[in-house]
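Student:
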Amino acid sequence: MSPRPRGRPPGSIPEPERSRLLSALRAADKADTALRHAVREARAAHGSVREIADLLGKSTNTIQRWTRADDER
């Protein structure tokens with residue numbers, strides 16, 4: 021790790037890295053939303069909770085929770 025440049029407070033994130041982090045966060049949020057939507061569509065097409073969970077490496081509880089959120093709306 022390189023030394024902190026003078027004039028920057030300790031722990032502050034330089035601008036190029038800050039923008040990259042925020043961009044990655046937005047991309048991750050979009051990907052998470054897309055994944056949850058795909059899970060709901062798979063369940064609506066009568067895919068089993070267990071099969072979806074196994075395919076995605078998620079727990080059956082997670083898949084049920086994601087699809088239950090739709091049922092409660």
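Sequential numbering from 21 applies to the sequence shown in my numbering. Where is the CB? At the ideal position from N, CA and C, for every residue including glycine. Quick caveat: nothing in here was measured; it's all calculated off a predicted structure.
With burial defined as no fewer than 16 other Cβ atoms inside 10 Å of the residue's Cβ, what is the status of residue 83: buried or exposed?
Tutor: It is buried - the Cβ of residue 83 has at least 16 other Cβ atoms within 10 Å.
Student: Cutting at 6 Å between CB atoms, please list the residues of its own chain near residue 63, excluding the five before and the five after it.
Tutor: For residue 63, where only same-chain residues beyond five positions count, the Cβ hits under 6 Å are 87.
Student: Under the rule that 16 or more other beta-carbon atoms within 10 Å means buried, what is residue 33, buried or exposed?
Tutor: Under this definition residue 33 is an exposed residue.
Student: Helix, strand or coil for residue 65 per DSSP?
Tutor: Correct three-state label for residue 65: coil.
Student: For residue 85, collect the residues of the same chain with a Cβ closer than 6 Å to its Cβ; drop the 5 residues on either side in sequence, then sort them by chain order.
Tutor: Excluding positions up to five away in sequence, the list is empty.
Student: Helix, strand or coil for residue 88, going by three-state DSSP, please let me know.
Tutor: Note: residue 88 maps to helix in three-state DSSP.
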